[in-house]
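So the structure is just underneath, and the comments pick up after that.
2 protein chains.
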Amino acid sequence: MSKEYVVAVVGATGAVGSRMIKMLEASSLPIKEVKLLATHRSAGKILQFKSQDLTVETTTEQSFEGVDIALFSAGGSVSAKFAPYAVKSGAVVVDNTSNFRMHSDVPLVVPEVNAQALDTHNGIIACPNCSTIQMMVALEPIRQQFGLERIIVSTYQAVSGAGAKAIAETERQIQEVVNDKKDPKDVLAEILPAGGDKKHYPIAFNALPQIDVFTENDYTYEEMKMTKETKKIMADDTIAVSATCVRIPVILAHSESIYIETKTVAPIAEVKAAIANFPGAVLQDDPSQQLYPQAVTAAGHRETFVGRIRKDLDAEKGIHMWVVSDNLLKGAAWNSVQIAETLHERGLVRPTKDLKFDLI
Amino acid sequence: MSKEYVVAVVGATGAVGSRMIKMLEASSLPIKEVKLLATHRSAGKILQFKSQDLTVETTTEQSFEGVDIALFSAGGSVSAKFAPYAVKSGAVVVDNTSNFRMHSDVPLVVPEVNAQALDTHNGIIACPNCSTIQMMVALEPIRQQFGLERIIVSTYQAVSGAGAKAIAETERQIQEVVNDKKDPKDVLAEILPAGGDKKHYPIAFNALPQIDVFTENDYTYEEMKMTKETKKIMADDTIAVSATCVRIPVILAHSESIYIETKTVAPIAEVKAAIANFPGAVLQDDPSQQLYPQAVTAAGHRETFVGRIRKDLDAEKGIHMWVVSDNLLKGAAWNSVQIAETLHERGLVRPTKDLKFDLI
Chain F
1 MSKEYVVAVV GATGAVGSRM IKMLEASSLP IKEVKLLATH RSAGKILQFK
51 SQDLTVETTT EQSFEGVDIA LFSAGGSVSA KFAPYAVKSG AVVVDNTSNF
101 RMHSDVPLVV PEVNAQALDT HNGIIACPNC STIQMMVALE PIRQQFGLER
151 IIVSTYQAVS GAGAKAIAET ERQIQEVVND KKDPKDVLAE ILPAGGDKKH
201 YPIAFNALPQ IDVFTENDYT YEEMKMTKET KKIMADDTIA VSATCVRIPV
251 ILAHSESIYI ETKTVAPIAE VKAAIANFPG AVLQDDPSQQ LYPQAVTAAG
301 HRETFVGRIR KDLDAEKGIH MWVVSDNLLK GAAWNSVQIA ETLHERGLVR
351 PTKDLKFDLI
Chain G
1 MSKEYVVAVV GATGAVGSRM IKMLEASSLP IKEVKLLATH RSAGKILQFK
51 SQDLTVETTT EQSFEGVDIA LFSAGGSVSA KFAPYAVKSG AVVVDNTSNF
101 RMHSDVPLVV PEVNAQALDT HNGIIACPNC STIQMMVALE PIRQQFGLER
151 IIVSTYQAVS GAGAKAIAET ERQIQEVVND KKDPKDVLAE ILPAGGDKKH
201 YPIAFNALPQ IDVFTENDYT YEEMKMTKET KKIMADDTIA VSATCVRIPV
251 ILAHSESIYI ETKTVAPIAE VKAAIANFPG AVLQDDPSQQ LYPQAVTAAG
301 HRETFVGRIR KDLDAEKGIH MWVVSDNLLK GAAWNSVQIA ETLHERGLVR
351 PTKDLKFDLI
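These protein sequences, in sequence, are chains F and G.
Taking full-length UniProt numbering, the leading residue of the first sequence gets 1, the next gets one more, and so forth.
Taking full-length UniProt numbering, the leading residue of the second sequence gets 1, the next gets one more, and so forth.
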């Protein structure tokens, strides 16, 4: 009988953590035991895994003894502190935060795109940013056949990407405008656009062209994540990527308006076929039937939906498309569990001897 | 004493018409009388102009006798039918519908950009599509200094662009989700994405990549309007323009993520200065202060707000920006009244002798 794993979920009570539990329930991974970890504040809570009651425990440096796979989604600082202890304890870490993504010893993986990057892992594998993941699923089939010269992307991102507090803030603001007839510009804002930034703005009936804080080049960190992570995942520094990341009043599922230029001319019918045949991608593209991806229909699904595929009106190698996926599933929980499944399939769930990450 | 005008507003009871009346109240145009016209259904309604009660009348072929300027915003079919009678009666028509925009005898005007096109008018002047107008105000100062090679635009458009019924539908759907806990994908949709199309989809907590119906090339009419109108307004068929037009759950003000390539390298500081100095444009761009345009702060204002201006990360002549304006003011009512003001200033409010448009 093949080995069965002890799987830890760090940040089990959060929006992504709870979905990781659901994805593990439906997973092909042979699971012996699930261990739920969170902050001291959430310890003692009872959550279900396959109708079984599990008690949430406080994450400590000792929590990972006997753990084979640890899924982290409790914020960058929690990963920074505890992931190295998990590796030291013999676990393989799949980290859903940005903390290790650009670390040269950490593979950054979208299984449909670069599963082979897992083969040389050093105990920690990073799950890319939600907005990057769905773009990779949509573009990899095109890159494989026609090459990829450049990407210009404008996002329409859901508030759930900023956490439970951002969802609550959005719903409260919308109620104040719709029920209490407040002017949208006058509702109280305390979370968005970025929890850690100085100023906060309403999201209800608004579009905020800031996700995460600004970097020195006047792009935001979210925008630079899309640029840097794309180059790392596709293992090609020459792909030009510029992003404009925007938050809109949607709860679940990110939408993206993507423009690409391919290296060779890509006939639209072949692009559509490539996407339709790519694992994890679903082609929804029929203007005559008004068929295109939508946030409300993508929510709750693990696939990435692609439509509105059409030639640029002028650039011979230019193509536009509309890409939608559930930011908490393929954008986070599902991609993490899928990485764990792929590690298992490739025989890569094993202790790491040469510890590359500092214990702090 | 200079002449004072009789000004007719056709579609006076609509969202744009009511704003035209407000813009006329604040206008520098010498106004003798305002005449309010609408459908038979709205006739008899009392509206205010400068604290004066005015009764709405039914639009007929005879309504324009004695009218000097007629502002039309009652739908393309109303303009098609009545605008030629208004011209025949001696009025100058400013038409806010798409009906005459691409007609070779009709100037398509954003006063800050191409007021000179008014000089050869033949009785009808067209007001461009809302999404085009604000893009023109943002890009013309750049075009003047650095030339314009191409434009790639993704829009974030408010539901008010689809009329009062779309606003009501949006608010109802949002209430059903927020108050009645309905799943966003299950709310009743009867109007959006396009009143005249077969299928309708929810807009609450959604982003719909369809505005107006699809054309044969898989772009929507809204997207093709941005392409064709830009070339006509800037009087340059060589500018490459491809658009992706998206409706989001915002009531007022369109936002646009615009990428351009200039003909000569445009230093960002000079681009910002050009926009700041351009009439009708307001620069809101300071990442260190999280200053950028927003729909909720642009609503109710006549200006076009521009920010997030930054170099593309790879293309030497590539620039990204974020452009926001009130779609019912600069996008419709204000641009129309501003055209009327400009006609007056240039001495162009006069009867047209050579009638170019068919009476039907």
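Positions of the beta carbon are idealized from the N, C-alpha and C atoms, including for glycine.
Alpha carbon of residue i to alpha carbon of residue j, nearest angstrom
{"i": "residue 338 of chain G", "j": "residue 111 of chain G", "result": "7 angstroms"}
{"i": "residue 294 of chain F", "j": "residue 222 of chain F", "result": "22 angstroms"}
{"i": "residue 244 of chain G", "j": "residue 155 of chain G", "result": "6 angstroms"}
{"i": "residue 83 of chain F", "j": "residue 95 of chain F", "result": "8 angstroms"}
{"i": "residue 200 of chain G", "j": "residue 163 of chain G", "result": "15 angstroms"}
{"i": "residue 198 of chain G", "j": "residue 188 of chain G", "result": "14 angstroms"}
{"i": "residue 86 of chain G", "j": "residue 70 of chain G", "result": "7 angstroms"}
{"i": "residue 253 of chain F", "j": "residue 137 of chain F", "result": "15 angstroms"}
{"i": "residue 114 of chain F", "j": "residue 281 of chain G", "result": "46 angstroms"}
{"i": "residue 9 of chain F", "j": "residue 194 of chain F", "result": "25 angstroms"}
{"i": "residue 1 of chain F", "j": "residue 30 of chain F", "result": "Note on residue 1 of chain F: pLDDT 49, under 50, position unreliable in the model; no value is reported."}
{"i": "residue 47 of chain F", "j": "residue 57 of chain F", "result": "11 angstroms"}
{"i": "residue 108 of chain F", "j": "residue 333 of chain G", "result": "51 angstroms"}
{"i": "residue 72 of chain F", "j": "residue 101 of chain F", "result": "13 angstroms"}
{"i": "residue 345 of chain G", "j": "residue 3 of chain G", "result": "12 angstroms"}
{"i": "residue 44 of chain G", "j": "residue 76 of chain G", "result": "23 angstroms"}
{"i": "residue 134 of chain G", "j": "residue 169 of chain F", "result": "30 angstroms"}
{"i": "residue 360 of chain F", "j": "residue 32 of chain F", "result": "30 angstroms"}
{"i": "residue 79 of chain G", "j": "residue 270 of chain F", "result": "43 angstroms"}
{"i": "residue 276 of chain G", "j": "residue 157 of chain F", "result": "29 angstroms"}
{"i": "residue 28 of chain G", "j": "residue 315 of chain F", "result": "45 angstroms"}
{"i": "residue 149 of chain F", "j": "residue 34 of chain F", "result": "43 angstroms"}
{"i": "residue 98 of chain F", "j": "residue 126 of chain F", "result": "8 angstroms"}
{"i": "residue 351 of chain F", "j": "residue 24 of chain F", "result": "21 angstroms"}
{"i": "residue 118 of chain F", "j": "residue 308 of chain G", "result": "37 angstroms"}
Whole-angstrom C-beta distance between residue j and residue i, which should lie under 8 angstroms
{"i": "residue 272 of chain F", "j": "residue 304 of chain F", "result": "Not really, about 14 angstroms apart at Cβ, beyond 8 angstroms."}
{"i": "residue 306 of chain G", "j": "residue 283 of chain G", "result": "6 angstroms"}
{"i": "residue 205 of chain G", "j": "residue 177 of chain G", "result": "6 angstroms"}
{"i": "residue 259 of chain F", "j": "residue 152 of chain G", "result": "5 angstroms"}
{"i": "residue 261 of chain F", "j": "residue 347 of chain F", "result": "So it is not a contact: roughly 39 angstroms between Cβ atoms."}
{"i": "residue 13 of chain F", "j": "residue 42 of chain F", "result": "4 angstroms"}
Chain-ordered neighbours of residue i on chain F, where CB pairs are closer than 8 angstroms
{"i": "residue 297 of chain G", "result": "185"}
{"i": "residue 305 of chain G", "result": "By Cβ distance, chain F contributes nothing, its closest Cβ being about 11 angstroms from residue 305 of chain G, past 8 angstroms."}
{"i": "residue 214 of chain G", "result": "287, 288, 290"}
Residue range of the unbroken alpha helix (DSSP H) whose run includes residue i
{"i": "residue 321 of chain G", "result": "From DSSP, residue 321 of chain G is part of no alpha helix (DSSP H) but of the beta strand (DSSP E) over 318 to 325."}
{"i": "residue 139 of chain F", "result": "130 to 146"}
{"i": "residue 173 of chain F", "result": "164 to 178"}
{"i": "residue 27 of chain G", "result": "Looking at the DSSP string, residue 27 of chain G is not in any alpha helix (DSSP H), and its letter there is neither H nor E."}
{"i": "residue 339 of chain G", "result": "334 to 345"}
{"i": "residue 275 of chain G", "result": "268 to 276"}
Closer than 8 angstroms at the beta carbon, the chain G residues around residue i
{"i": "residue 208 of chain F", "result": "294"}
{"i": "residue 308 of chain F", "result": "209, 218, 244"}
{"i": "residue 255 of chain F", "result": "207, 209, 246"}
Cross-chain neighbours of residue i in chain G, by beta carbon under 9 angstroms
{"i": "residue 202 of chain F", "result": "294, 296"}
Beta-carbon neighbours of residue i, restricted to chain G and to distances below 7 angstroms
{"i": "residue 198 of chain F", "result": "290"}
{"i": "residue 336 of chain F", "result": "Ordered by position in chain G, no residue passes the 7 angstroms Cβ test against residue 336 of chain F, which lies about 25 angstroms from the chain."}
Chain F contact residues for residue i, given Cβ-Cβ distances below 7 angstroms
{"i": "residue 152 of chain G", "result": "152, 259"}
{"i": "residue 221 of chain G", "result": "The premise fails here: residue 221 of chain G is roughly 12 angstroms from chain F at the closest Cβ pair, so nothing lies under 7 angstroms."}
Extent of the continuous beta strand (DSSP E) to which residue i belongs
{"i": "residue 310 of chain F", "result": "304 to 311"}
{"i": "residue 155 of chain G", "result": "150 to 156"}
{"i": "residue 47 of chain G", "result": "46 to 49"}
{"i": "residue 72 of chain G", "result": "69 to 72"}
{"i": "residue 9 of chain G", "result": "5 to 10"}
Listed by chain order, chain F residues near residue i by CB distance under 9 angstroms
{"i": "residue 227 of chain G", "result": "313"}
Subject >> Contact set between the segment 257 to 290 of chain G and chain F, restricted to residues whose Cβ is under 7 angstroms from the partner >> reply: 257, 259, 287, 290
**OP:** Determine which residues of the segment 160 to 178 of chain F have a Cβ less than 8 angstroms from any Cβ of chain G, and write them out in chain order.
**Re:** 171, 174, 175, 178
Original post:
Which residues, in chain order, does the segment 320 to 331 of chain F contribute to contact with chain G at a C-beta distance below 7 angstroms?
Top reply: 320, 322
**OP:** Identify each residue in the segment 234 to 252 of chain G for which the Cβ-Cβ distance to at least one residue of chain F is less than 8 angstroms, and report them in chain order.
**Re:** 240, 241, 242, 244, 246, 248, 249, 250, 251, 252
Subject >> Members of the UniProt domain "Semialdehyde dehydrogenase NAD-binding" (6 to 121) of chain G near chain F, C-beta cut-off 7 angstroms >> reply: none
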